[in-house]
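Residue numbers (this note's numbering): 2 to 168.
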């Protein structure tokens, strides 16, 4: 929006300059500048409408190509990619996927108990031990697993500021 606004201001200045000139070339330039100015104003209205739509969405994200997709974190730097987050539970003996789910959350922290329950239901097991990476760790999720008899093995993320503090 800042770039479009700067372009509008620039075109208004060019239009003022063209208005002070005489001749057919000045008229053609004024017509061209007025047309471009109209396009920029239309673009600004679209951006303002998009800004309102983003502000009104629960997670402040909108995908223009797929309304359910969300910006996902990536291993590299930058904003990541727009897509989905696939959750899968795999039997460690057979290496077969026993449960899966596609979600549009950027993180896995709320999926441990739900995927554990789905895996236990799919396998028919009375007891189940789930092994997950630290991205799944959440105290409430581990407690939810424990409450239904699922043993969750999930390392706690390194969130202490001690190293940064030199301790």
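Ideal Cβ positions, reconstructed from N, Cα and C, are used throughout, including at glycine.
Item: Segment contact flag, the stretch 131-138 with the stretch 146-159, C-beta cutoff 8 Å, min 3 pairs; Value: yes
Item: Start-to-end residues for the alpha helix (DSSP H) that takes in residue 117; Value: 113-124
Item: Nearest-angstrom Cβ-Cβ length linking residue 88 and residue 108, presumed shorter than 8 Å; Value: That pair is no contact at about 11 Å.
Item: Spatial distance of residue 124 from residue 99 (CA atoms); Value: 7 Å
Item: Proximity to residue 83 [Cα-Cα], best of 105, 163, 93 and 91; Value: 105
Item: Three-state secondary structure (DSSP) of residue 104; Value: strand
Item: Endpoints, the beta strand (DSSP E) within which residue 90 is located; Value: 86-91
Item: Residue 162 versus residue 120: straight-line alpha-carbon distance, rounded; Value: 35 Å
Item: Residue 82, DSSP secondary structure in three states; Value: strand
Item: Separation of residue 160 from residue 1, as counted between CA atoms; Value: Only positions 2 to 168 of the chain appear in this structure, which leaves residue 1 out of reach.
Item: Start and end residues, beta strand (DSSP E) containing residue 151; Value: 151-154
Item: Limits of the unbroken alpha helix (DSSP H) element including residue 71; Value: Note, residue 71: premise wrong, no alpha helix (DSSP H); beta strand (DSSP E) at 71-73.
Item: Burial state of residue 56, where buried means 16 or more other Cβ atoms lie within 10 Å; Value: exposed
Item: Opposing strand residues paired with residue 131 [DSSP bridges]; Value: 153
Item: Given 8 Å, three or more beta-carbon pairs between the stretch 4-15 and the stretch 35-44; Value: yes
Item: Candidates 30, 47 and 20: closest to residue 6 by CA position; Value: 47
Item: is_contact[residue 103, chain C] using C-beta, thresh 8 Å; Value: Among the chains of the structure shown, chain C does not appear; only one protein chain is present.
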